[in-house]
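> Line by line, the protein sequences give chains X and Z.
The numbering of the first sequence is my numbering, which starts it at 1 and goes up by one.
The numbering of the second sequence is my numbering, which starts it at 1 and goes up by one.
Where a beta carbon is used, it is the ideal one built from N, C-alpha and C, also for glycine.
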Amino acid sequence: MKTPKQYWPSKENTLTLNTGHKHTMKFAIHRLKKRALLLSHALSDWAAFIGIVLIGGIGSSWYLVSNGTALTTQVTGPWVMWTNEARVDADPYTRAHFAREATLNLSTQVASTFIARKDSDGVRLHSSCEYKINGKNLNASWWSLSVFDSSGRLIPNPIDRYAFTSDTVAISPNDQFVITLARNVQPGNWLPTTGAGRLTVVLMVLEGRNASVVNPDEYQEITLPEITKVHCR
Amino acid sequence: MNVYLKHALTWIKSLASIDMRLVATTLVSIGILHICATLASPHLVEKTAYSRLKATLPINKMKILPPIKPDAQPLPFLSADVRYAMCLFSAKAGPITITAELPDRGWTLSIHTPQGDNIYTATGNTARSSQITLQIVASMSSFSGLTPQSLGLTLSEDPVQTVEAKKGIAILRAPDRGEAYSRNTILAMRKAKCFYAKQ
Chain X
1 MKTPKQYWPS
11 KENTLTLNTG
21 HKHTMKFAIH
31 RLKKRALLLS
41 HALSDWAAFI
51 GIVLIGGIGS
61 SWYLVSNGTA
71 LTTQVTGPWV
81 MWTNEARVDA
91 DPYTRAHFAR
101 EATLNLSTQV
111 ASTFIARKDS
121 DGVRLHSSCE
131 YKINGKNLNA
141 SWWSLSVFDS
151 SGRLIPNPID
161 RYAFTSDTVA
171 ISPNDQFVIT
181 LARNVQPGNW
191 LPTTGAGRLT
201 VVLMVLEGRN
211 ASVVNPDEYQ
221 EITLPEITKV
231 HCR
Chain Z
1 MNVYLKHALT
11 WIKSLASIDM
21 RLVATTLVSI
31 GILHICATLA
41 SPHLVEKTAY
51 SRLKATLPIN
61 KMKILPPIKP
71 DAQPLPFLSA
81 DVRYAMCLFS
91 AKAGPITITA
101 ELPDRGWTLS
111 IHTPQGDNIY
121 TATGNTARSS
131 QITLQIVASM
141 SSFSGLTPQS
151 LGLTLSEDPV
161 QTVEAKKGIA
171 ILRAPDRGEA
181 YSRNTILAMR
191 KAKCFYAKQ
């Protein structure tokens, strides 16, 4: 018996064709998804790796250049001194630090520059507080103590006073001095800090007796002053 | 005790699943980047002290700066406790001569390279006034002609010290003791010279 010629697929064939096509599509999408997932995994791994390397490398360099380490700085109470400042044989951290600060200080072979951004209790210096800087007249050829804002700018004030030196500071008969950092007028050695925000105190000691020791018997430590908070607003 | 031991063992086992090669690669990469960033840092600074002063100072001429005030502070952390005289020098064309008198303690004459290195410093003292004569040459190793002294152009009877630097800044610092002393301070500072010693 001759079967009639079919010009269109039967119901069964249509079903078979459709399901086969659907399966193929599903498989392709699944494969695509898997590849995308693998690619995203690989990319996220690389991104994580690059992120960790960038943060670790640049971040650690930035931190050590800004704050120094025990190898590059000497910390005495609130005072920090970069031991190789402005020297020809300075280490890369010191070199980078002072290039960024854009200062031209004297080398530590002749002068020591101490910077304080905190008081003796370790709290950040701020113009809303009043501080007393107590010390013994420093055993040096000449010294100066200046106050700046956190960026190294002088603090404008009506009496144009920004620093005291061994020549200008009033010293008591027992060879002690007290410098007051305050907004309002104070008796004695007053350095105005009118609304500057965060403060930086810089003590420069020229030819401190411990800078170059010719005779070890004459060795004397420089006693750095203390910075004590009196009160805050 | 056993619980802690088990925890420690589990922790040690979990360490074994970490790819140590990846950890080592990460640490080495961090180290390399750290070194590169630190060494490159001085060269990436947009405005160094030298470049800031270069715009305001004449070349091979000593200039006395006005008293440092908040609106006239050429560099950060430049203290107002001293008066400054600066000379931006270039010894490429020939030796530069710098002379200065350091009459008292606190006075200093310093030479700085464009990178900020302090390559020479002379300090004053109370016992006597010091007259400093410096000759800055571009290179000590190469012959750059006869010295002014050998040509009979000796500038003073004071011993001349030679410093090697192609360019840089000479800074004379004079303690600012107040109005009463300012005239004498300025007079002493005006004696400081910085010039190209023609041969």
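In angstroms, rounded to a whole number, what distance separates the CA positions of GLN109(X) and ILE111(Z)?
Mapped onto the first sequence, residue 109(X) falls at position 109. Mapped onto the second sequence, residue 111(Z) falls at position 111. Cα to Cα, GLN109(X) sits roughly 14 Å from ILE111(Z).
> Between SER79(Z), LEU78(Z) and THR38(Z), which has its C-alpha nearest SER60(X)'s C-alpha?
Working through the first sequence from its first residue, we reach residue 60(X) at position 60. Residue THR38(Z) is the option with its Cα nearest to SER60(X).
> With 16 other CB atoms within 10 Å as the buried threshold, where does ARG233(X) fall?
Against the first sequence, residue 233(X) aligns to sequence position 233. So ARG233(X) counts as exposed.
> If you measure from the beta carbon of ILE200(Z) to each beta carbon in chain X, is any gap under 8 Å?
Missing from the structure shown is residue 200(Z); chain Z here goes from 1 to 199 and no further.
> Starting from VAL147(X) and walking both ways along the beta strand (DSSP E), at which residues does that stretch end?
Taking the first sequence and counting its residues from 1, one reaches residue 147(X) at position 147. Counting along the chain, the beta strand (DSSP E) containing VAL147(X) begins and ends at 140-149.
> Counting beta carbon pairs with one atom in the segment 189-208 of chain X and one in the segment 148-164 of chain X, are three or more of them shorter than 8 Å?
Yes, since at least three Cβ pairs between the segment 148-164 of chain X and the segment 189-208 of chain X fall closer than 8 Å, the two stretches touch.
> Could you tell me whether the Cβ of THR209(Z) comes closer than 8 Å to any Cβ of chain X?
An answer regarding residue 209(Z) cannot be provided, because it is not within the stretch 1 to 199 covered by chain Z.
> So, ASN189(X) versus VAL205(X), is the Cβ gap smaller than 8 Å?
Along the first sequence, read from residue 1 onward, the residue named residue 189(X) stands at position 189. Along the first sequence, read from residue 1 onward, the residue named residue 205(X) stands at position 205. No, Cβ-Cβ distance for ASN189(X) and VAL205(X) is not below 8 Å.
> In angstroms, rounded to a whole number, what distance separates the CA positions of GLY135(X) and HIS231(X)?
As a working note, residue 135(X) is residue 135 in the first sequence. As a working note, residue 231(X) is residue 231 in the first sequence. Taking the straight line from one Cα to the other gives about 19 Å.
> When you compare the CB of ARG52(Z) with every CB in chain X, is at least one pair closer than 8 Å?
Residue numbering aside, residue 52(Z) sits at position 52 when the second sequence is read from its first letter. Output row for ARG52(Z): interface = yes.
> Helix, strand or coil for LEU36(X) per DSSP?
Within the first sequence, residue 36(X) is the residue found at index 36, counting from 1. The amino acid at residue 36(X) is misidentified as Leu; the sequence shows Ala. Of the three classes helix, strand and coil, the one that applies to ALA36(X) here is helix, per DSSP.
> Which residue marks the beginning of the beta strand (DSSP E) containing LYS132(X), and which one marks its end?
For the purposes of this step, residue 132(X) is identified with residue 132 of the first sequence, where counting begins at 1. Element bounds for LYS132(X): 129-136.
> With 8 Å as the threshold, decide whether the Cβ of TYR63(X) is near any Cβ in chain Z.
Numbered from 1 along the first sequence, position 63 holds the residue referred to as residue 63(X). Not one chain Z Cβ lies under 8 Å of TYR63(X).
> Got a sec? Which residues, its chain only, sit under 8 Å from ILE12(Z) by beta carbon, not counting five neighbours each side?
Locating residue 12(Z) in the second sequence gives position 12, counting from the first residue. Same-chain partners within the cutoff: there are none.
> Taking any Cβ of chain Z, which residues in the segment 95-113 of chain X have a Cβ under 7 Å from it, in chain order?
Per Cβ criterion, the list reads ARG95, ALA96, PHE98, ALA99, ARG100, GLU101, ALA102, THR103, LEU104, LEU106, SER107 and VAL110.
> For MET189(Z), report the span of its alpha helix (DSSP H) as first-last.
Start at 1 with the first residue of the second sequence, and residue 189(Z) comes out as number 189. Note, MET189(Z): alpha helix (DSSP H), 179-190.
> Taking the alpha helix (DSSP H) that LYS13(Z) belongs to, which residues open and close that run?
Against the second sequence, residue 13(Z) aligns to sequence position 13. Unbroken alpha helix (DSSP H) run through LYS13(Z): 2-16.
> Counting along the chain, where does the beta strand (DSSP E) carrying HIS231(X) start and finish?
Translated into positions along the first sequence, residue 231(X) becomes position 231. Start and end: 226-232.
> Under a three-way DSSP split, which group does GLY168(Z) fall into?
Here residue 168(Z) corresponds to residue number 168 of the second sequence, with the count starting at 1. Correct three-state label for GLY168(Z): strand.
> Using 10 angstroms around the beta-carbon of ALA165(Z), count the other beta-carbons present and answer buried if the total reaches 16, otherwise exposed.
Translated into the one-based positions of the second sequence, residue 165(Z) becomes position 165. So ALA165(Z) counts as buried.
> What are the residues in the segment 134-153 of chain X lying within 7 Å of chain Z by C-beta distance?
From the segment 134-153 of chain X, only SER141, TRP142, SER144, SER146, PHE148, SER151, GLY152 and ARG153 have a Cβ closer than 7 Å to chain Z.
> Does DSSP put LYS193(Z) in a helix, in a strand, or in coil?
Numbered from 1 along the second sequence, position 193 holds the residue referred to as residue 193(Z). Three-state DSSP puts LYS193(Z) in a strand.
> Answer yes or no: does any C-beta atom of chain Z fall closer than 8 Å to that of GLY195(X)?
Here residue 195(X) corresponds to residue number 195 of the first sequence, with the count starting at 1. By this cut-off, GLY195(X) is not an interface position.
> Just to confirm my understanding: we take ASN105(X), look at its own chain, exclude 5 residues before and 5 after, and list those with CB closer than 8 Å. What are they?
In the first sequence, the residue the question calls residue 105(X) occupies position 105. Result list for ASN105(X): GLU85, ALA86, PHE98, ALA111, THR113 and MET204, in chain order.
> Return the residues of the segment 51-62 of chain X that lie within a Cβ-Cβ distance of less than 8 Å from chain Z, sorted by chain order.
Under the 8 Å Cβ criterion, the segment 51-62 of chain X contributes ILE52, VAL53, LEU54, GLY56, GLY57, ILE58, SER60, SER61 and TRP62.
> LEU187(Z) touches chain X at which residues, Cβ-Cβ below 8 Å?
Counting from 1 along the second sequence, the entry for residue 187(Z) is found at position 187. The contacting residues do not exist; LEU187(Z) stays about 18 Å from chain X at best.
> Measure the Cβ-Cβ separation of THR207(X) and THR123(Z) and say whether it is below 8 Å.
Position 207 of the first sequence, counting from 1, holds the residue named residue 207(X). Position 123 of the second sequence, counting from 1, holds the residue named residue 123(Z). At residue 207(X) the sequence reads Glu, which differs from the Thr that was named. Closer than 8 Å, so yes.
> State buried or exposed for TRP46(X), treating a residue as buried only when at least 16 other CB atoms are found within 10 Å of its CB.
Position 46 of the first sequence, counting from 1, holds the residue named residue 46(X). Exposed is the call here.
> Going by DSSP, what residue range makes up the alpha helix (DSSP H) through SER41(Z)?
Locating residue 41(Z) in the second sequence gives position 41, counting from the first residue. It spans 20-44 - the alpha helix (DSSP H) in which SER41(Z) sits, taken as one unbroken run.
> Report the start-end ranges of each alpha helix (DSSP H) in the segment 47-130 of chain Z that is 4 residues or longer and not cut off at the edges.
Qualifying alpha helix (DSSP H) stretches, in chain order: 49-54.
> With DSSP as the reference, identify every bridge partner of ILE132(Z), one or two as the case may be.
Residue mapping note: residue 132(Z) aligns to position 132 of the second sequence, counting from 1. In the DSSP output, where bridge partners are listed per residue, ILE132(Z) has ALA100(Z).
> Start and end of the alpha helix (DSSP H) containing ALA99(X)?
Here residue 99(X) refers to the residue found at position 99 when the first sequence is read from its first residue. Start and end: 92-101.
> I'd like the span of the beta strand (DSSP E) that includes LEU154(X), first residue to last.
As a first step, residue 154(X) must be located in the first sequence, where it is residue number 154. Counting along the chain, LEU154(X) falls outside any beta strand (DSSP E), and DSSP gives it neither H nor E.
> Using a C-beta to C-beta distance shorter than 7 Å, which residues of chain Z count as neighbours of VAL88(X)?
Within the first sequence, residue 88(X) is the residue found at index 88, counting from 1. Within chain Z, the residues near VAL88(X) are ASP117 and ILE119.
> Suppose you measure from the CA of ILE68(Z) to the CA of LEU78(Z); what does that come to, to the nearest Å?
To locate residue 68(Z), count along the second sequence from 1; it is residue 68. To locate residue 78(Z), count along the second sequence from 1; it is residue 78. Taking the straight line from one Cα to the other gives about 8 Å.
> Residues of chain Z with a CB under 7 Å from the CB of ASP121(X): which are they?
Taking the first residue of the first sequence as 1, we reach residue 121(X) at position 121. The contacting residues do not exist; ASP121(X) stays about 24 Å from chain Z at best.
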